[in-house]
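Residue numbers (the UniProt record's numbering): 1 to 228.
Here a beta-carbon is modelled for each residue, glycine too, at the ideal position from N, C-alpha and C.
Remember, predicted model here, so these are calculated numbers, not experimental data.
Remarks on the structure that follows.
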Amino acid sequence: MTTATEYAALPALITRMTGDEKHGWAAESTLDVLWVLYDRVLRVDPRHPDDPDRDRFLLSKGHGPMAYYAVLAAKGFLDPAELDGWAGWGSRLGLHPDGVLVPGVEIGSGSLGHGLLIAVGAAIGLRLRGRTRPAVHVLVGDAELDEGSNHEAIAVAARRGLDSLVTTVVDNSSGSLGWPGGVARRFEVEGWATAEVDGRDHDALHAAYTAPHPGRPLAVVAKVEAKR
1 MTTATEYAAL PALITRMTGD EKHGWAAEST LDVLWVLYDR VLRVDPRHPD DPDRDRFLLS
61 KGHGPMAYYA VLAAKGFLDP AELDGWAGWG SRLGLHPDGV LVPGVEIGSG SLGHGLLIAV
121 GAAIGLRLRG RTRPAVHVLV GDAELDEGSN HEAIAVAARR GLDSLVTTVV DNSSGSLGWP
181 GGVARRFEVE GWATAEVDGR DHDALHAAYT APHPGRPLAV VAKVEAKR
């Protein structure tokens, strides 16, 4: 299939997974970001999911992973037939993704506030091992930034100059407190490079991900209108 055909098939793949409709919006709001990453940005191969020089992608926003599973199925990491049994007895596709059971999944996630600090550690670890090629991507939600662990990770990443690290914040205005100056400003004050784009615009997302940011981590704020 062409990538356009694959993208068009994603809603049908998502509808094969039922039983967690309360998190349907959490999944749907991440769909375009996940697609652009796996289709145009990440250097990953379903034939070699453990390649030491692969890019790493960490889904910190692990609740409602239906879009994630659908993209993994579209890209060959999963058999689409597995989606029919998701969250069922004996299925390896749980309500939160499992980094041990599911090919292409780097971490178990869903408890908010863990992904970014794990990504910082992964970026530091790769640097210490002399692996300069892999990028480390992590996807978080805007409300998740309230977690104290993220404050620490944001500060450390900039001070370490982790330019292999890219954080995507899916901003659907679910955070109750907000941030003075907006989400991007939270990263900028610590020294990150930032971009704020329409979270449905594939070309804008791709341009943000591929813009150079030497010596600094990158935060891409993907604005997505919340459903009412």
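Taking buried to mean at least 16 other C-beta atoms within 10 Å of its own C-beta, is Glu144 buried or exposed?
buried
Roughly how many whole angstroms lie between the Cα atoms of Tyr209 and Ala222?
11 angstroms
By the 10 Å Cβ neighbour count, where 16 or more other Cβ atoms means buried, how is Leu128 classified, buried or exposed?
exposed
Return the first residue and the last residue of the alpha helix (DSSP H) that His137 is part of.
Counting along the chain, His137 falls outside any alpha helix (DSSP H), though it belongs to the beta strand (DSSP E) covering 136-141.
Among residues of its own chain, excluding the 5 on either side of Gly113, which ones have a beta-carbon nearer than 7 angstroms to its beta-carbon?
Glu144, Glu147, Ser149, Asn150
Please say whether Gly108 and Gly121 have beta carbons closer to each other than 8 angstroms?
no
So, using beta-carbon positions, are Ser29 and Val224 closer together than 8 angstroms?
yes
Can you name, in chain order, every residue of its own chain whose Cβ lies under 6 angstroms from the Cβ of Lys22, other than the five neighbours on each side?
Confidence in Lys22 is poor, its pLDDT being 49 and thus under 50, which makes the residue's placement too unreliable to answer from.
For Pro46, name the three-state secondary structure that DSSP assigns.
coil
I'd like the list of long-range same chain contacts for His202, defined as Cβ closer than 6 angstroms, with 5 residues on each side in sequence excluded.
Val36
For a minimum of 4 consecutive residues, which ranges assigned as the alpha helix (DSSP H) are wholly contained in the region 66-148?
66-74, 115-128
Tell me whether Arg40 sits in a helix, a strand or coil according to DSSP, three-state version.
helix
Inter-residue spacing [alpha-carbon to alpha-carbon] between Arg47 and Phe187:
35 angstroms
Neighbourhood of Met66 by C-beta, 6 angstroms cutoff - its chain only, sequence neighbours within 5 removed:
Ile14, Met17, Ala27
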